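This report concerns only the one structure given below.
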Ligand SMILES: Cc1cc2nc3c(=O)[nH]c(=O)nc-3n(C[C@H](O)[C@H](O)[C@H](O)COP(=O)(O)O)c2cc1C
Ligand code: FES
């Protein structure tokens, strides 16, 4: 009798793709070595998110080879690394576009049109949330509250930059602008810009 | 509005975040200098006397939390500053970190001294990269000037402050999940007890405090607990930051005393409703708390008064909604959030949020049945109180609260076989058509 036929294995878990051989660049290795001293010597695992950010920054997304390298750095098992990667939303295990547009969809943003922003982006880029356009320029992602609800609707670009108050009717121009001018097209975080002028918040009045 | 701001007075001045500005305009690091001449227990007593309550959501007295931190132990202790700021509708901590970072750094140092810790980790959500840049640069400046590091002010007290970047997880804001995440694991809560005060980070005594909470500490040391308590109603003292978003003319972060009523916050501070449309409901403390109705707007925005009115002040994230908002849609929107963010550890929450979301989606798509309404109640009540952390209760709240206050809207969805209130700002195609 066949033992444990394949149909018993219902888990949807897919292994991350193996990817090419991976090691930190010397600069990233130096950054990691400096960073890990923030924690007690027997608690290297605390540096795992940092190591994963470094790896993702180096390669754009996380492959099995990258996770194995991180495991070596942390001195834990690759399974422990995969466990962490699969939990946090800011890590990618597949290639993404040059600009990842993370549109906030939670209540305050939705009240001011975030659902329609996603629809418009979808129409303009020709992709659904979760997809990357054929040129590899844009990935569209819906995310939950970004902690800037007073600037709704908010979009985070990659894991570093913000664009705030993106009304649905401005989407087409925004995409064209981003194509033409790159990150210079982004509004950035309001506090950097709006010191003393316009907008809500007490300091601004 | 005779209230004079103390936390955010300068946040819109161009150089408010610099050490120089902090030293010259805000009596920077005087509180730390003073604290280091005092007995740590006196600082805890002072914070207790001030009545400072945690600003992260639960409103627990901060002095008491510090007092619980295990004293007689050879183990190192830690301050973990909760800068995860991920409760929907909350966006106050980043203003402090970005525009007044030294207040937080000083607060961390004083807190460390008070509980006998030498290290504070500031756990900041991964999405706040730009905030982290400012904060880390200013921490470095504080080190250079001798306000952090070894032997501060020649007192023999050492203190290190580090920023730790998260990577996208609401649950990482829950204090034991935050600790797990800091240890390099999935952000999932621990069984309590033991509480962090006894076995927290690396199983060592730890106090987890919100950013705004810690920012109040230097003010208490500097100006005294009586001054602090006198700023607000009894047991609700001190300055408070309110985050106002949704259908208001001037959404933003507003500092006020907790005497201020919800009506004043919405109509005076935030400029009133967009297009002067009627206010339908308000969520006073972030997405996890029950709704309040227009006739409750004269409630003072204090922990105790809002609780008496049937909700919670939580993280003071006020989400204001006009009459175009369908309450079933609102519950669906928030359950999408909770379903996505459930860490998966406790079955009632992991499975329950998925069930609730699907039931609400079915109602919104016009395919709901009368018996779904009972099912919504039953599933909600099978989550509440049955999970390791407060996430479960929070996740069921939007459903329980909207069903209690707006039952007729749920009935109408079933009766009419469609959403009776499809607002123009919503997606033109329903998110959920045909899903079961
Ligand atoms: C699901 C969940 C999410 C939370 N998120 C946050 C958060 O983002 N920021 C925060 O300060 N507290 C958050 N809290 C509250 C913390 O557990 C904890 O009470 C708080 O950090 C304690 O600090 P405080 O006493 O200064 O308020 C959350 C709690 C739960 C249950
Ligand atoms: S709801 Fe979009 S940033 Fe909070």
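Residue numbers (this note's numbering), protein chains in the order written: chain A, 2 to 206; chain B, 3 to 438. Where a beta carbon is used, it is the ideal one built from N, C-alpha and C, also for glycine. Since this is a predicted model, take the numbers as computed values, not measurements.
Tell me residue i's beta-bridge partners as DSSP assigns them.
i                      : result
residue 162 of chain B : B:121
residue 55 of chain B  : B:63
residue 275 of chain B : B:250
residue 208 of chain B : B:80
residue 85 of chain B  : B:126
residue 76 of chain A  : DSSP output for residue 76 of chain A lists no bridge partner at all.
residue 143 of chain A : A:104
residue 167 of chain B : B:126
residue 242 of chain B : B:258
Which bits of chain B does residue i rub up against, with CB to CB less than 7 Å?
i                      : result
residue 68 of chain A  : None at all; the shortest Cβ gap to chain B is about 13 Å.
residue 114 of chain A : 427
residue 49 of chain A  : 186
residue 97 of chain A  : What residue 97 of chain A touches in chain B: nothing, since even the nearest Cβ is about 14 Å away.
residue 28 of chain A  : The premise fails here: residue 28 of chain A is roughly 18 Å from chain B at the closest Cβ pair, so nothing lies under 7 Å.
residue 46 of chain A  : 185 and 186
What number of angstroms, rounded off, separates the C-alpha of residue i from the C-alpha of residue j?
i                      : j                      : result
residue 15 of chain B  : residue 271 of chain B : 20 Å
residue 126 of chain B : residue 85 of chain B  : 4 Å
residue 5 of chain B   : residue 302 of chain B : 15 Å
residue 128 of chain B : residue 249 of chain B : 28 Å
residue 335 of chain B : residue 304 of chain B : 27 Å
residue 315 of chain B : residue 28 of chain B  : 28 Å
residue 197 of chain A : residue 142 of chain B : In this prediction, residue 197 of chain A scores a pLDDT of 36, lower than 50, which makes its location untrustworthy; no coordinate-derived value is stated.
residue 45 of chain B  : residue 37 of chain B  : 7 Å
residue 140 of chain A : residue 245 of chain B : 31 Å
residue 436 of chain B : residue 362 of chain B : Per-residue confidence for residue 436 of chain B stands at a pLDDT of 41, beneath the threshold of 50, marking its modelled position as unreliable; the derived number appears in the next sentence. For residue 436 of chain B and residue 362 of chain B, the distance between alpha carbons rounds to 13 Å.
residue 340 of chain B : residue 126 of chain A : 29 Å
residue 175 of chain A : residue 169 of chain A : 10 Å
residue 113 of chain B : residue 144 of chain B : 16 Å
residue 387 of chain B : residue 398 of chain B : 10 Å
residue 95 of chain B  : residue 290 of chain B : 18 Å
residue 61 of chain B  : residue 182 of chain A : 46 Å
residue 200 of chain B : residue 99 of chain A  : 46 Å
residue 146 of chain A : residue 215 of chain B : 22 Å
residue 59 of chain B  : residue 115 of chain B : 24 Å
residue 251 of chain B : residue 277 of chain B : 8 Å
residue 194 of chain A : residue 70 of chain A  : Note that residue 194 of chain A scores a pLDDT of 49, beneath 50, so its modelled location is shaky and nothing firm can be said.
residue 90 of chain B  : residue 317 of chain B : 9 Å
residue 219 of chain B : residue 180 of chain A : 47 Å
residue 254 of chain B : residue 41 of chain A  : 40 Å
residue 102 of chain B : residue 371 of chain B : 52 Å
Check each candidate in the options and name the one with the smallest Cα separation from residue i.
i                      : options                       : result
residue 191 of chain B : B:37, B:248, B:389 and B:237  : B:389
residue 139 of chain B : B:31, B:100 and B:300         : B:100
residue 78 of chain B  : B:161, B:25, B:35 and B:88    : B:161
residue 177 of chain B : B:309, B:203 and B:292        : B:203
residue 47 of chain A  : B:174, B:416, B:186 and B:168 : B:186
residue 128 of chain A : A:101, A:152 and A:154        : A:101
residue 374 of chain B : B:393, B:391 and B:414        : B:414
residue 288 of chain B : B:200, B:393, B:164 and B:327 : B:393
residue 81 of chain A  : A:53, A:96 and A:22           : A:53
residue 420 of chain B : B:366, B:357 and B:406        : B:366
residue 38 of chain A  : A:26, A:105 and A:51          : A:51
residue 247 of chain B : B:283, B:236 and B:228        : B:283
residue 401 of chain B : B:333, B:80, B:32 and B:277   : B:333
residue 19 of chain B  : B:48, B:106 and B:40          : B:106
residue 111 of chain B : B:150, B:136 and B:73         : B:150
residue 109 of chain B : B:89, B:182 and B:64          : B:64
residue 213 of chain B : B:82, B:377, B:381 and B:155  : B:82
Show which residues of chain A have a CB atom less than 8 Å away from the CB atom of residue i.
i                      : result
residue 90 of chain B  : 107, 108, 109, 145, 146 and 150
residue 98 of chain B  : Ordered by position in chain A, no residue passes the 8 Å Cβ test against residue 98 of chain B, which lies about 11 Å from the chain.
residue 204 of chain B : 41 and 44
Just to make sure I have the definition right: I need the residues of chain B whose C-beta is within less than 9 Å of the C-beta of residue i. Which are they?
i                      : result
residue 153 of chain A : 247, 248 and 253
residue 120 of chain A : 429, 430 and 431
residue 34 of chain A  : What residue 34 of chain A touches in chain B: nothing, since even the nearest Cβ is about 15 Å away.
Identify the contact partners of residue i in chain A, using a Cβ-Cβ distance below 9 Å as the criterion.
i                      : result
residue 189 of chain B : 88 and 89
residue 339 of chain B : 106, 107, 108, 145 and 146
residue 420 of chain B : Residues of chain A passing the Cβ test: none, with the nearest at roughly 17 Å.
Give the interface partners of residue i over in chain B, defined as CB-CB distance under 8 Å, in chain order.
i                      : result
residue 161 of chain A : 131 and 132
What residues of chain A sit near residue i, judged by a beta carbon separation below 7 Å?
i                      : result
residue 415 of chain B : Correct list: empty, because the minimum Cβ distance to chain A is about 18 Å.
Can you find a heavy atom of ligand 3 that lies under 7 Å from the Cβ of residue i?
i                      : result
residue 155 of chain A : By its list of ligands, the structure shown excludes ligand 3, since it contains just ligand 1 and ligand 2.
Write down every uninterrupted run of the beta strand (DSSP E) in the segment 260–347 of chain B whose length is 3 residues or greater and which is fully enclosed by it, in chain order.
281–285 and 319–324
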